[in-house]
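Peer 1: Pasting a structure here, questions to come.
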Amino acid sequence: MIPYIDAQTFFQPLVTFTQTTSGFSDRAVSVPAEEPKSLDVPFYSQLNDIQSPDWKKRGCGVASLAMLIEYYKPGTVSVNTLLKQAIVSGAYLQNAGWKHRDLALLSKKYGLEGQNYDLSGSTKDVAFAEISEFLKDGPVMASIYYKFDPKSTIPHLVVINNIVGDTVYYNDPAEKNAGKQISTADFLKGWKKRFIVVRPGNNEVLLAKK
């Protein structure tokens with residue numbers, strides 16, 4: 001595994017939740033068990049699929065966005081073309097990182113609607129319930145500490161495919177293969193309570209959350 005290095009991931013929330021109920025629960029939060037719906041999310045590796053050596057270690061945002069676009073618009077996205085579009089649009093700030101709002105807006109080039117959410121002011125339970133609702137309709141990009149380690153200073157973006165019972169299924173662009181799993185308890189420790197949702201244009205679920 002190549003050591004992962006990334007600049008700080010910026011976020012510009014379009015939607016912010018400010019509930020500040022004190023006392024985070026340390027217990028694992030789960031949703032009712034059901035059959036996986038979104039485990040077939042296409043996979044892009046920033047290490048294997050991004051051609052530029054300079055961007056292999058910084059490409060988590062673009063690789064994750066490419067997975068979401070490919071999920072809804074198969075055969076329409078090239079991760080390297082998307083990287084160029086992201087750079088031109090200013091979605092990446094040197095020595096700062098990926099701007100969540102601009103990544104969400106970039107999906108419009110592919111006929112999709114994107115929205116970024118910042119729930120950092122909410123409790124873990126509230127934030128987890130919110131992202132779980134979105135996952136009922138499709139995959140979601142999540143902002144995490146690298147390898148879900150809350151002690152890590154490296155920000156990272158991954159694609160959450162689904163949550164079934166006490167297990168979170170996800171694709172990590174900093175890996176070389178898809179289909180990773182983590183317990184909901186460990187996910188909550190390493191998730192920053194920020195995420196990006198991309199859906200087909202004029203999506204009623206997405207628009208209702210604005």
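Residue 1 is where the sequence shown starts when you use full-length UniProt numbering, and the numbers rise one by one after that. Using N, Cα and C, we set each Cβ at its ideal position, and we do this for glycine too. Keep in mind it's a predicted model, so treat the numbers as computed, not measured.
#1: With burial defined as no fewer than 16 other Cβ atoms inside 10 Å of the residue's Cβ, what is the status of threonine 184: buried or exposed?
#2: How many whole angstroms separate the CB atoms of glutamine 46 and cysteine 60, which I take to be in contact at a CB cut-off of 8 Å?
#3: Report the partner residues of threonine 167 according to the DSSP bridge assignment.
#4: When you compare the CB positions of lysine 73 and glycine 111, do they come within less than 8 Å of one another, or not?
#5: Can you tell me where the beta strand (DSSP E) with tyrosine 117 in it begins and where it stops?
#6: How is residue 215 classed by DSSP in three states: helix, strand or coil?
#7: For valine 198, which residues of its own chain have a beta-carbon under 6 Å away from its beta-carbon, when the five flanking residues on both sides are left out?
#8: Can you give me the C-alpha to C-alpha distance between glycine 201 and asparagine 95, rounded to a whole angstrom?
#9: When DSSP builds the beta bridges, which residues end up paired with residue 230?
#10: Closer than 6 Å by C-beta to leucine 65: which residues in its own chain qualify, once you throw out the five before and the five after it? Chain order, please.
Peer 2: The structure says:
#1: Within the sequence shown, the letter at position 184 stands for residue 184. Label assigned to threonine 184: buried.
#2: Taking the sequence shown and counting its residues from 1, one reaches residue 46 at position 46. Taking the sequence shown and counting its residues from 1, one reaches residue 60 at position 60. Right, their Cβ atoms sit about 6 Å apart.
#3: Locating residue 167 in the sequence shown gives position 167, where the first residue counts as 1. Its beta-bridge partners are Val164, Ser183.
#4: On the sequence shown, position 73 is the one that residue 73 refers to. On the sequence shown, position 111 is the one that residue 111 refers to. It is a contact, given that the beta carbons lie within the stated cut-off.
#5: As a working note, residue 117 is residue 117 in the sequence shown. Run containing tyrosine 117: 112–118, per the beta strand (DSSP E) assignment.
#6: As displayed, the chain neither begins before 1 nor continues past 210, which places residue 215 out of reach and without an answer.
#7: Taking the sequence shown and counting its residues from 1, one reaches residue 198 at position 198. The answer, listed in chain order, is Leu68, Ser107, Leu112, Gly114.
#8: Here residue 201 is taken as the residue at index 201 of the sequence shown, counted from 1. Here residue 95 is taken as the residue at index 95 of the sequence shown, counted from 1. Cα-Cα distance, rounded: 32 Å.
#9: Residue coverage of the chain in this structure runs from 1 to 210, which leaves residue 230 outside it and unanswerable.
#10: In the sequence shown, the residue the question calls residue 65 occupies position 65. Excluding residues within five positions, the ones whose Cβ falls inside 6 Å are Leu103.
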